[in-house]
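Number of protein chains: 2
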Amino acid sequence: MNVHTPDARGAFAVPTSMRYNAVENYIRNTTFDRPTLVLDTDIVAQHYQQLKAGLGNANIHYAVKANPTREIIETLVAQGSHFDAASRGEIELCLSLGAQPSDISFGNTVKRASDIAFAYHAGITLFAADAEEELEKLAEHAPKSEVYIRLIVDASEADWPLSRKFGCARDKALSLLGYARDLGLKPVGFSFHVGSQTRRSAMWTVTLDQIAQVWTDAHAAGFELDLLNIGGGFPAFYGEEIEGPTAYAAGVMKLVHARFGNVPRIMAEPGRGLVAEAGMIAAEVLLVSKKSNNDTHRWVYLDIGKFSGLAETMDEAIRYQFVTDRDHEDTGACILAGPSCDSADVLYELRPVQLPLGLKSGDKIMIRNCGAYTSSYSSVGFNGFPPLAVEVI
Amino acid sequence: MNVHTPDARGAFAVPTSMRYNAVENYIRNTTFDRPTLVLDTDIVAQHYQQLKAGLGNANIHYAVKANPTREIIETLVAQGSHFDAASRGEIELCLSLGAQPSDISFGNTVKRASDIAFAYHAGITLFAADAEEELEKLAEHAPKSEVYIRLIVDASEADWPLSRKFGCARDKALSLLGYARDLGLKPVGFSFHVGSQTRRSAMWTVTLDQIAQVWTDAHAAGFELDLLNIGGGFPAFYGEEIEGPTAYAAGVMKLVHARFGNVPRIMAEPGRGLVAEAGMIAAEVLLVSKKSNNDTHRWVYLDIGKFSGLAETMDEAIRYQFVTDRDHEDTGACILAGPSCDSADVLYELRPVQLPLGLKSGDKIMIRNCGAYTSSYSSVGFNGFPPLAVEVI
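The structure is reproduced here in structure tokens:
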């Protein structure tokens, strides 16, 4: 399977073969009565293997939040994946589908105390924290557990840099390790996140330099750390060049080893990079219009929007690619919007999308590489629209 | 019931008595195991009566999308309310709870063709449109129906002005009326939306002036319009002064009558203004932390966030008010964030919130006036967190 065909420049790749995969054929030959995410778990398995080939002995902890569809978890359990869970709900899901407690980390730095207790009694022994109060909760409800401290990353070359919501500044890192030890926990290492959709491995350099300095300082201060959690950031193809998964993962590991030496345990938490390219959304055009007699662009309204699966269009961060049966026609600039009676449900306006001039109400429209951060984001029923349907082929 | 106590300036009002209402007492005396919206339908009925007292013979079409909870719809059916539906799902809901088809308008300007056909066969005869293609869909699937044309509003003094997503520019208004007539539909009038959370009736003046000009032009061109849909924009109390509901509605109607004379049919579509103050969310503090040793503010993480009910915090648009058991303590600036492992799930950061210095993990926190645009926005299970629970007392 040649998902990422190297382009003329060799190192980078564009997933050209995705254009004619099983998912797209299935959508072309199926009638849907509501927006539907169609997933191919074979692609998930392939991506797992491709990433694993580059990551070497680092463990993949799939970020379940990216897509908790049952068949994806089952596929990854069968592949030997580990899991990064954000909540009790995700832990229960993974356990119910055969994951071992020892393969699940509770990676949310903001946990409900009762959920910590649940995880502890379920046999989970590895937790994230970035604050004193979180360590106190862990000491009380998951005594003697292993904990890694999440650090804030200052510099990011990601398409979607993270906010400061997660992690502590580096000036607090060592005191939190010490506090964890004082509380009877086992401080085992650090985690960080390089930023969502970091398209090339070389973009990790500055962040890894920063984290390595803290790692060195911690060892110098007497902490015997053995775990480095390099988080997510593994990219998916949304139209801009990305490095292929194996080369990308190997590139990151090379940078890691050069700075951290042989760390006994390395964790990586791909979500988007594992599942985004495994699914396409089958959607429909509801209306094409012009607002004014002298408008230069058209408005295209789809039956899926910001509140029914395409939440990652917020601030136009993730730019999805669209496929229609009219892609041979001339195109024009379109503002793209969702179906709800919500003025904020506009997908792309600052940077309009080129779509065929003949596009009209009732036309099928396919949205590529939507396997991550779509179905679970969709609302329970805003405006009376049902949540995004999911089909696995 | 004295929801809006006039303040010293007479005309404007602050809902002081909300502080000790039944919802707040219920939350204080109840233990919740997940974030829960608690609703009091008596307040919905009161607000309906208060708005109706100011609106006179204008019909209230409740914007169902604001909160489709069954008991709210039942309360409003009993009050004699009409309904503005955004989708087939909302139409089915209203019909199943006793609303008459003749009291339901299909107000979404972007409708699936099959949903138009469903509505037509269910007996609904009044539809919105803002584009040629939408009129063609109506002519085919709801022949001879009444249609009103939605206009874009240029100027808005709303707290949350709408985008250009809905409506056509005024230069297209008359041609759309004509096209509707040519297609065999009955063009009956115009609609507009002054902008969400328009806090004082005087703020409607410029918009009404604009719409009245189009109305006059249409009559001069021979269109016998008899329906004016003034849309929503009716405010709720989020901490900034608003005009009380009866005075507000009467103020708007006075401006309308001065510009449009005696229009046979006037529709108003309050959503937020009817139900927001009827509910509070019971939530919990999960973590209080500082990111760095020299941070001047704290981070407070709640068990509810942008993807589990508080979507209207996007761009910090709606600023909710928080109540804790420590409100007598000194306060400090806090950045407020939700529980999900999503970096974008930060509620208030640009303008931090003052919260008690003693606030800590496990503390109950109540969020005022959350009856609108919360529960139906919440995700099906992002990060494994269940959707916002709803209880009606």
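Chains A and B, in that order, give the protein sequences. As numbered in UniProt numbering, residues 1 to 393 make up the first sequence, in order. As numbered in UniProt numbering, residues 1 to 393 make up the second sequence, in order. The beta-carbon is built from N, C-alpha and C at its ideal position, and this holds for glycine as well.
- In the three-state reduction of the DSSP assignment, E277/B falls in the helix class.
- The UniProt repeat "ANK" (55-88) of chain B is shown to contain whole alpha helix (DSSP H) runs of 4 or more residues at 70-79, in chain order.
- Boundaries cannot be given for N369/A, as no alpha helix (DSSP H) includes it and DSSP labels it neither H nor E.
- The beta strand (DSSP E) runs of length 3 or more contained entirely in the stretch 265-328 of chain A are, from start to end of the chain, 265-268, 279-289, 298-302, 322-324.
- Minimum Cα-Cα distance from G279/A among the listed residues Y238/A, T296/A, N369/A, S308/A corresponds to N369/A.
- Around E133/B, the beta-carbon contacts reaching into chain A at under 7 Å are L287, V288, S289, K360, S361.
- Between Y377/A and H219/B, the alpha-carbon positions lie close to 47 Å from each other.
- The DSSP assignment places 173-182, 205-220 as complete runs of the alpha helix (DSSP H) inside the stretch 172-252 of chain A, in order along the chain (cut-off: 4 residues).
- Taking a 10 Å sphere around the C-beta of H257/A, we find fewer than 16 other C-beta atoms and assign the residue as exposed.
- Here the stretch 155-175 of chain A lies against the stretch 128-147 of chain A, with 3 or more beta-carbon pairs under 8 Å apart.
- With a contact defined as Cβ atoms closer than 8 Å, H61/B and F83/B qualify at about 6 Å.
- Setting aside the 5 residues that flank it on each side, I266/A is surrounded in the same chain by A58, L228, each with a C-beta closer than 6 Å to its C-beta; the list follows chain order.
- In the structure shown, I152/A falls within a coil segment according to DSSP collapsed to helix, strand and coil.
- Using beta-carbon distances, F127/A does not count as an interface residue toward chain B, since no partner is under 8 Å.
- In the structure shown, E90/B adopts helical secondary structure according to DSSP, grouped into three states.
- Contact annotation: the stretch 67-78 of chain A touches the stretch 93-106 of chain A, with at least three C-beta pairs closer than 8 Å.
- Taking a beta-carbon distance threshold of 8 Å, M280/A does not count as an interface residue toward chain B.
- Here DSSP, grouped into helix, strand and coil, assigns P101/B to helix.
- Interface with chain B (8 Å Cβ-Cβ cutoff): Y320/A is excluded.
- Closest option to F307/B, judged by alpha-carbon separation, among T324/A, Y373/A, L185/A, D327/A: Y373/A.
- Going by DSSP, I335/B is part of the beta strand (DSSP E) stretching over 331-337.
- In the three-state DSSP reduction, E157/B falls in the coil class, being neither helix nor strand.
- Think of a sphere of 9 Å around the beta carbon of C168/A: the chain B residues whose beta carbon falls inside it are S289, K290, K291, S292, in chain order.
- Contact check for A158/A against G107/A fails: the beta carbons are separated by 8 Å or more.
- Among the residues facing chain B, A250/A is not included, as its CB has no counterpart in that chain under 8 Å away.
- Cβ-Cβ distances below 7 Å link D327/A to P356 in the same chain, with the five nearest sequence neighbours on each side left out; the list follows chain order.
- Boundaries of the alpha helix (DSSP H) around Y120/B: 113-122.
- C-alpha of V300/B to C-alpha of A337/B: approximately 6 Å in a straight line.
- Counting the other CB atoms within 10 Å of its CB gives D315/A a total below 16, which places it among the exposed residues.
- In the structure shown, the three-state DSSP call for F260/A is helix.
- Per the C-alpha coordinates, the member of I365/A, K290/A, K65/A positioned closest to P35/A is I365/A.
- Per the coordinates, the alpha-carbon of L225/B lies some 19 Å from the alpha-carbon of T207/B.
- Residue environment for K144/A: exposed (fewer than 16 other C-beta atoms within 10 angstroms of its C-beta).
- For V346/A, same chain residues with a beta-carbon under 6 Å away, outside a window of 5 residues either side, are A337 in chain order.
- Taking every protein chain shown into account, the CB of L350/B has fewer than 16 other CB atoms within 10 angstroms, so this residue is exposed.
- Looking at the DSSP output, Q354/A bridges to A333/A.
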